[in-house]
Structure formats: C-alpha cells, structure tokens
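A quick write-up on the structure given underneath.
Residue numbers (our numbering), protein chains in the order written: chain B, 73 to 500; chain U, 12 to 235.
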C-alpha cells in the first residue's frame, strides 16, 4: 500500500466521523496544552533565574578564596605566585589574576560617592571581560576604570535626599579618601589619593557596573599605608582572592573548579551554580511535564475508545478490505495511523493553545508583578517573562501526541485484524 | 487434473458444546471457464464451500487445489495474496463503501495491490464503462439503483483479473428483472472465458449456469 493512498484513506475515514474525531482530539488538545504550558512555566522560570544569575558575573570566571575550609588548609594553600602558576597550568584555564578590594569613598568636587574598588593585574581587564565604553581599560599607576553605574552613586553630602544629575566621570580626577588608625594611640589619620578616570566600562547589568578598578600595585601600596607601613606581601604570602578565567564551556568551568577545590581552595563560579540550577530545573520540568502527560494518557484512552467504536461500526468494511486482498499489515496500519492522526491533530491544536495561553500569562502576570512592586515602591524586578516555550517543546509535544495516538490505536487495530472476514462481511 | 480440485474437505464449527459439520467430506472439480451454481437450502454448506474456495476461510481437513496450489495450507498473508490476485467476490448486499464514488469503489482493491493512481483510475473507468456505468463514475452508491450498485461490485471484482469470480446470492437483493440483467452480464463474462461460481437457492439463476451442484447438510447430493 502506497503512503499517499494510506493518507488519503485515513483522511477520508476520519472525515466520515468528524464529530467524534473533534471530541476525541479535544482530550489530546487539553493534554498537550497542559504539557506545553507547564513546561513553558518551568522553562520561563529557569530563564529568568539564569539571566539574573548571569548578571552577577561572567560564567567563565571562578573566584578562588584563600583560607577556605579545604582539607589541608594552612600556609601551603596561600594564593601566592606559586598558586597562580599552578592554576595557569590547569587545562582550560585562560588567565589568572588576583583581585583585591580596598575600602574608601570617592569625592568629585563637592559630590561624594561610594563604590567597591578592586585592584587587578594591569592587563587583566580584557580577560575579565571588562570592555570599555569610553577610554581604555588598561590600568596604569594613578588611573582607575569605573563601571557605568558608579556615577549614579554620587550625591551631595549637604543635601543627601536630593537627587542630582549623575556627573560625567570620564577624564575627571577623583579623590579617594582613606584612613588608618595608629595601633598604639588609636588616632585616625586621613589620606587623599588623586586618581584619574581613564575609562568607563560598558554596561553589563551585573555587579561590574558598580565597581571601580585600580592597578594592583596601587592597591598594594595603599594597603601597606593602611596597615601602618607593613606591606601585605601578597605575592609571597598570598592574595585574598584570585580570579581564574577559563574557556567558555560550562563543563570546563566545572572541571577546573573541581580541580581547584580538590587542592583545598574554596572556589566558586556562577557557571557551576548554573549547572546545578539547570539540573534542578530539568527535574522540575520533568515533573511538570509528567502532570501534563497524565492528561494526555486520559486522552489516549479516549482515542482507544473512539477507535474501538469505529472498528465495530466498520466491521463490514474491514471484511471487505480482507476480501479484496488487504494484508493484516494494511488493516493494522490504516487503524493505527487513524489513531495517530487524531493524536497529531490534537497535538498541533494543543501546542498552539498552550503557547497562546502562556503568552496571555506573560502579559497578565507581568502586569500584576510590576503593579505590585510599584505599589510597594520597589525596583523593577527585571523579569521579562514568566512562561517561555522553547522550540524543542513544540516538536516534542506534537511528536508525543502522535506517539500516544499510535499506541492507543494498536489495541483497536489488532481487533480489526483479528476479525473473521466471513463474519465481518455479514455483520449487521 | 481439473483447475479446481476439492478433495475430501470438511469444515466444522464449534458452537458452544456442539460441533456443527458445515461441510463433511466434500469432493468437487471445476474446470476453467465453467459457470457453476451451488444450490441448496440454507445450512446446506454452499456458502461455506464458496468461502473456502475464495480463501476467506480454511477447512478443518482436506485439500483445495487451485491451479495446482493447495490453498488449504496457506497462512493469512498467503490467503490475502490469493484473494487479491486470483479471486473476485460479489456479495448479496453489494458491500460498496458508501462514502466513495463508483470509481473509487472499483479502485479500492487496487490500492492494496499498490498500483499507481493513474493506472487504477484508468482501469476502473474502463471496467465501469464495460458494465454500462460509464456515465456514473462519480456517483456514490446511494445515488445508484440496486442493479447499478451490483454492477459496480461486479466491476470491482474484476479489477485484479481474477481466475475465479465468486458470488454469494448476487441477485438476492435485486428484483427479478434487475437480477436477470446481472446474470446476463455474468453469462457474457463467462462466455469470454471467466470462471464463475455462484451460490444461490433461486432456480432461475441455475438456467444461466453450465453446471449446478446440489448440496444438503454438508454433502453434495446431486449434479445436473
């Protein structure tokens, strides 16, 4: 039997019982729609959380802290020059840079502003993904690179409640206010450091937007001053934090992070947290999809029922098929494919319905959320969608509905095959 | 050796506790080109014999040779192939598919033979024209009279150029005049060399036959 003939036969058979097909397919519509909408909700939640996690930092950066609770501990585990060399030799590692923070507030004319200041290796900015909007990201002595949101943190200390226009920091000289305390007398001593803004970073939506970056040597010198002239000797005794930059592959990030942790350091990366989150959401989606699958299972029973009825009503036709020489395989195929087509039709409509419903959920829920947060005076939560229908889900849901239909058709089709042609031809 | 050789066949049906012997040791020879009538009252086993000859049923014991092949030992696929290639059926109740046109009904067996659509349509139209329905190709069975429907069925039975044309009371649902037309058509087919075996209890049918076999209680009781 030719494929086109099979399809023509199946379609003309289904058209004969169009009312019943519609009602049976409705069950599949509900089941498939439920699968699509539930998995879309799971996927939407995942993508919201993933994007908000990603905004915390690049996913290929591993932050290594010293003094972590590794099994060995002790001075062996210092993040010193030797550790840097060791990390650099791990396959998949692109670069390693120390990152050291220093406290202090900035002053520009009469304005004051706060930002976390990090000292990094002078040429590490590119490795860290710190691209500049204006100027350069190369750090020389006495210069800093600021995040795009740093300017917004400036305020007028005489009128702290008043909002001011954020100053343009590029090319300006900022005054960094530092202080130290005499270990014996406890007297406070202040120091002002003049720093020129050599570059403004591109906005990433992450934490780097709020940071100030300074050359590591500057930070070391200033730290020595803060410690009353005692050099921190980071290179020998270990930096507080190292950033390990790996190739952009979650598996590599995870493997490098594991090797560092095995050496007794405390390592953390957004990438591997994402990996864990993805696993979690896979389970969530499977569970949600399972709930939808139950609805589809009920629909499958409906298909089976419709096909059993259809086989009974078409007993004579089946007898005729056999009398004119149709093989059992042909009879089986016709009925199984009829059931499969009911599944596919329901699946297609169900996917469209589920997708439309998830669009409606997005509009309604997002309006509700932003109304709520606005009423409470909160900031925009930054969620752009609640439900998200990935393309694979569309094909999976339709394919699954087809498969369910085929399976539901097997039993009725076998009954058709087993009919005795002599009796079937005389069936009233 | 005759074209059809039925040797000592029996067909028993188990109905609850009792065994019904529908056929009990029947022998029959049919030559190519014969027009044979199986006559007898209901329950005589004539339809059972016809179904066995058509490969719709298998005997409990015995041999059925058609052109030398024993069809009694064919499996289901073998029987399906036998029905498709060597047998054509006409039924008392026509058994046309109500949603299909006359042309599609005649095409139907060729679908399972896997013939391409153009060839099917051409052959179906040819046969329908031959049975006098050339102007009714696109009519559905409900738009045709009983005689016309049975002519569609005759055309359908001939599409695969069968060795044997089998009919179970083909005029049973028709009035005398229309039935006579169908029989005349079958007679002319027979004159063209078509082997025909009909089951009937109507003596008027036997006038068209070249031979009539009388059956009673699962046995052949006479021949004329």
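Even glycine gets a Cβ: it sits at the ideal position worked out from N, Cα and C.
Are there 16 or more other CB atoms within 10 angstroms of the CB of residue i, so buried, or fewer, so exposed?
i, result
"residue 173 of chain U", "buried"
"residue 95 of chain B", "exposed"
"residue 223 of chain U", "buried"
"residue 194 of chain B", "buried"
"residue 188 of chain U", "exposed"
"residue 231 of chain B", "exposed"
"residue 430 of chain B", "buried"
"residue 30 of chain U", "exposed"
"residue 168 of chain U", "buried"
"residue 115 of chain U", "buried"
"residue 23 of chain B", "Since the first residue of chain B shown is 73 and the last is 500, residue 23 of chain B is not available in this structure."
"residue 464 of chain B", "exposed"
"residue 232 of chain U", "exposed"
Give a yes or no on whether 7 Å exceeds the smallest Cβ distance from residue i to chain B.
i, result
"residue 34 of chain U", "no"
"residue 87 of chain U", "yes"
"residue 263 of chain U", "Nothing can be reported for residue 263 of chain U: it is not among the residues displayed for chain U, which extend from 12 to 235."
"residue 68 of chain U", "yes"
"residue 100 of chain U", "yes"
"residue 231 of chain U", "no"
"residue 120 of chain U", "yes"
"residue 110 of chain U", "yes"
"residue 22 of chain U", "no"
"residue 116 of chain U", "no"
What does residue i pair with, by DSSP beta-bridge criteria?
i, result
"residue 32 of chain U", "U:23"
"residue 95 of chain U", "Residue 95 of chain U is not bridged to any residue."
"residue 338 of chain B", "B:137"
"residue 234 of chain U", "U:224"
"residue 252 of chain B", "B:261"
"residue 72 of chain U", "U:21"
"residue 170 of chain B", "B:314"
"residue 190 of chain B", "B:173, B:285"
"residue 210 of chain U", "U:49, U:179"
Within the same chain, show all residues whose beta-carbon is closer than 7 Å to that of residue i, passing over the 5 residues directly before and after it, in chain order.
i, result
"residue 201 of chain B", "130"
"residue 239 of chain B", "180, 183, 223, 226"
"residue 114 of chain B", "353, 356, 357, 360"
"residue 104 of chain U", "184"
"residue 97 of chain U", "77, 173, 174, 175"
"residue 166 of chain B", "199, 317, 318, 319"
Using the three-state DSSP reduction, which class does residue i fall into: helix, strand or coil?
i, result
"residue 126 of chain U", "coil"
"residue 245 of chain B", "strand"
"residue 458 of chain B", "coil"
"residue 103 of chain B", "helix"
"residue 271 of chain B", "strand"
"residue 151 of chain B", "coil"
"residue 84 of chain B", "helix"
"residue 130 of chain B", "coil"
"residue 266 of chain B", "strand"
"residue 179 of chain B", "strand"
"residue 77 of chain B", "helix"
"residue 522 of chain B", "Residue 522 of chain B is absent from the model: chain B starts at 73 and stops at 500."
"residue 426 of chain B", "helix"
"residue 156 of chain U", "coil"
"residue 383 of chain B", "helix"
"residue 185 of chain U", "coil"
"residue 208 of chain B", "coil"
"residue 287 of chain B", "strand"
"residue 111 of chain U", "coil"
"residue 357 of chain B", "helix"
Quick one: what's got a C-beta closer than 6 Å to residue i's C-beta in the same chain, skipping five residues either side?
i, result
"residue 82 of chain U", "66, 75, 93"
"residue 62 of chain U", "68"
"residue 23 of chain U", "30, 32, 71"
"residue 476 of chain B", "368, 372, 415"
Between residue i and chain U, is any beta-carbon pair separated by less than 7 Å?
i, result
"residue 437 of chain B", "no"
"residue 321 of chain B", "no"
"residue 396 of chain B", "yes"
"residue 486 of chain B", "no"
"residue 379 of chain B", "no"
"residue 73 of chain B", "yes"
"residue 92 of chain B", "no"
"residue 350 of chain B", "no"
In its own chain, which residues sit with a C-beta less than 8 Å from the C-beta of residue i, not counting the 5 before and 5 after it?
i, result
"residue 284 of chain B", "178, 187, 188, 189, 190, 216, 217, 218, 219, 222"
"residue 497 of chain B", "388, 391, 392, 395"
"residue 244 of chain B", "180, 268, 269"
Compare the C-beta of residue i against all C-beta atoms of chain C and say whether one is closer than 7 Å.
i, result
"residue 386 of chain B", "The question asks about chain C, but that chain is absent: this structure's protein chains are B and U."
Please tell me whether, using a cut-off of 6 Å, the distance from the CB of residue i to the nearest non-hydrogen atom of the ligand ADP is below it.
i, result
"residue 396 of chain B", "Ligands displayed in this structure: none; no statement on the ligand ADP is therefore possible."
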